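Protein chains in written order, with numbering that gives the first Met the number 0: chain A, 0 to 144; chain B, 0 to 144. What follows is a short report on a single structure.
There are 2 protein chains.
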Amino acid sequence: MSDTQQNSVQQDYILDEQVGFILRRASQRHLGIFASRIPELTPTQFAALAKLCELGAASQNELGRRTAMDAATIKGVIDRLRKRGLVATVKDANDQRRLFVQATAEGEELFASCIEPAHMITEETLAPLSEKERLMFLQLLSKLL
Amino acid sequence: MSDTQQNSVQQDYILDEQVGFILRRASQRHLGIFASRIPELTPTQFAALAKLCELGAASQNELGRRTAMDAATIKGVIDRLRKRGLVATVKDANDQRRLFVQATAEGEELFASCIEPAHMITEETLAPLSEKERLMFLQLLSKLL
DNA sequence: CAAAATCTATTTGTATACTAATGAATTTTA
DNA sequence: TAAAATTCATTAGTATACAAATAGATTTTG
């Protein structure tokens with residue numbers, strides 16, 4: 000038995016057992032499932048589009064807040080969605096700072112066509128859990144926000 | 000009551016209730032906690048360093064596999080750690096394809112000094128849960144890998 | 001009202017993360 | 001053993017993510 004310096008420290012910290020590491024791996028798996036079911040949109044793009052369709056419209060920053068993206072991130076997301084004609088933006092007449100964002104007809108159509116696969120993504124992500132476990136898991140995960 | 004097109008679709012998909020979205024937000028919270036406790040390393044840099052100290056040494060791709068990073072990602076991480084003198088790399092003599100990676104003394108020291116804050120990161124991340132809930136949560140989350 | 005504070009969007013810079021393509025080295029297999 | 005397949009590392013390209021700085025617009029407050 001060769002007891003190296005590493006081994007003595009190893010007991011103190013096992014990466015594979017840490018929440019953060021497991022959380023990251025679970026996210027990676029989910030992202031993979033998402034990409035296979037909805038290849039035409041990234042999860043963040045879909046989130047922005049979904050929230051936009053839910054709200055009707057919003058300023059860029061407001062939309063970012065509602066989808067957990069900071070100002071810099073949501074800007075890039077909206078830029079890419081606009082470049083593809085899925086959303087449209089106009090300066091807010093009542094507040095010259097604000098950029099008013101709206102889903103286009105094409106954007107709403109795409110969103111509508113993604114609802115079913117989106118539900119399947121959720122289903123597939125939670126597939127390893129029983130119905131009871133899913134409820135418990137979502138309840139506990141929601142406490143960590 | 001103005002019933003817009005959005006509202007009729009809204010019932011079908013509530014972003015804020017989807018696993019993926021909650022998972023992303025929980026990760027964001029964890030990342031924030033990590034950054035506040037260990038500002039000198041990113042979670043992935045720390046993961047690579049921790050696994051390296053655990054294994055003793057490994058090839059770059061092997062290390063990536065053990066830390067859930069693909070070849071392109073682990074390359075960047077190792078490059079940055081090397082630039083800071085926390086790891087050292089040498090061509091593997093037995094396999095000219097492999098890049099042998101090792102933590103330096105400085106890297107091992109930094110890792111050792113991060114173990115306690117790292118445990119506090121885990122603690123703070125799970126703080127909203129009771130002891131029972133933590134066990135249950137980790138058990139369920141681990142099924143989603 | 002005017003100054004201070006806040007909000008909005010943008011830009012720059014750094015760091016994951018993944019895809020796809022490449023070339024070199026090694027292993028497999030036919 | 002020679003060809004095929006695989007592995008390893010690198011590179012280029014795209015897309016989050018966040019920090020920090022900036023400038024303009026609006027709101028708050030003294």
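Note that the Cβ used here is the ideal one computed from N, Cα and C, for glycine as well. Owing to the predicted nature of the structure, the values given are computational and were not obtained by experimental measurement.
Quick check: residue 66/A and residue 87/A, are their CB atoms within less than 8 Å of each other?
In the first sequence, counting from the first residue as 1, residue 66/A sits at position 67. In the first sequence, counting from the first residue as 1, residue 87/A sits at position 88. No, the Cβ-Cβ distance between residue 66/A and residue 87/A is not below 8 Å.
Compile a chain-ordered list of the residues in the stretch 17-40 of chain B whose CB is closer than 9 Å to at least one CB of chain A.
17, 18, 19, 20, 21, 22, 23, 24, 25, 26, 27, 28, 29, 30, 32, 33
Can you check which of these residues, 109/B, 18/B, 14/B, 13/B, is closest to residue 39/B by C-alpha distance?
Stepping through the second sequence from its first residue, residue 39/B is reached at position 40. Nearest of 109/B, 18/B, 14/B, 13/B to residue 39/B, Cα basis: 109/B.
So the candidates are 16/A, 11/A, 102/A; which of them puts its Cα closest to the Cα of residue 144/B?
Numbered from 1 along the second sequence, position 145 holds the residue referred to as residue 144/B. It is 16/A.
Cβ of residue 25/A within 8 Å of Cβ of residue 128/B?
As a position in the first sequence, residue 25/A is number 26, starting the count at 1. As a position in the second sequence, residue 128/B is number 129, starting the count at 1. No; because the gap between Cβ atoms is not below 8 Å, this pair is not in contact.
Using a Cβ cut-off of 9 Å, pull out every chain B residue sitting near residue 58/A, in sequence order please.
As a first step, residue 58/A must be located in the first sequence, where it is residue number 59. Residues of chain B passing the Cβ test: none, with the nearest at roughly 17 Å.
DSSP three-state assignment for residue 88/A, whether helix, strand or coil:
Mapped onto the first sequence, residue 88/A falls at position 89. Looking at residue 88/A - three-state DSSP - the assignment turns out to be strand.
List the residues of chain B that residue 128/A touches, going by C-beta distances under 8 Å, in chain order.
As a position in the first sequence, residue 128/A is number 129, starting the count at 1. Those are 139, 142, 143, listed as they occur along chain B.
For residue 67/B, decide whether its Cβ has a neighbour in chain A, counting only Cβ atoms nearer than 8 Å.
Counted from its first residue, the second sequence places residue 67/B at position 68. Interface residue, yes.
Give a yes or no on whether the C-beta atoms belonging to residue 32/A and residue 123/A are separated by under 8 Å.
As a working mapping, residue 32/A is identified with position 33 in the first sequence. As a working mapping, residue 123/A is identified with position 124 in the first sequence. Yes, these two residues count as a Cβ contact at 8 Å.
Which listed residue (79/A, 58/A, 78/A) has its alpha carbon closest to that of residue 93/A:
For the purposes of this step, residue 93/A is identified with residue 94 of the first sequence, where counting begins at 1. Closest by alpha carbon: 58/A.
Going by other Cβ atoms of all chains shown within 10 Å of its Cβ, with 16 needed for buried, is residue 49/A buried or exposed?
Start at 1 with the first residue of the first sequence, and residue 49/A comes out as number 50. So residue 49/A counts as buried.
Going straight from the alpha carbon of residue 126/A to that of residue 23/B, what length do you get?
On the first sequence, residue 126/A is found 127 positions in, with the first residue counted as 1. On the second sequence, residue 23/B is found 24 positions in, with the first residue counted as 1. Between residue 126/A and residue 23/B, the C-alpha separation is close to 18 Å.
Extent of the continuous alpha helix (DSSP H) to which residue 98/B belongs:
Position 99 of the second sequence, counted from the first residue, corresponds to residue 98/B. Where residue 98/B is concerned, there is no enclosing alpha helix (DSSP H), although the beta strand (DSSP E) it sits in stretches over 98-102.
Compute the Euclidean distance between the alpha carbons of residue 3/A and residue 114/A, then round it to the nearest angstrom.
The residue labelled residue 3/A in the question sits at position 4 within the first sequence. The residue labelled residue 114/A in the question sits at position 115 within the first sequence. Caution is warranted here: a pLDDT of 45 is assigned to residue 3/A, below 50, making its placement in the model unreliable, and no coordinate value can be reported.
Counting beta carbon pairs with one atom in the stretch 131-140 of chain A and one in the stretch 75-90 of chain A, are three or more of them shorter than 8 Å?
no
Please state whether DSSP places residue 58/A in a helix, a strand or coil.
Indexing the first sequence from 1 puts residue 58/A at position 59. Strand at residue 58/A.
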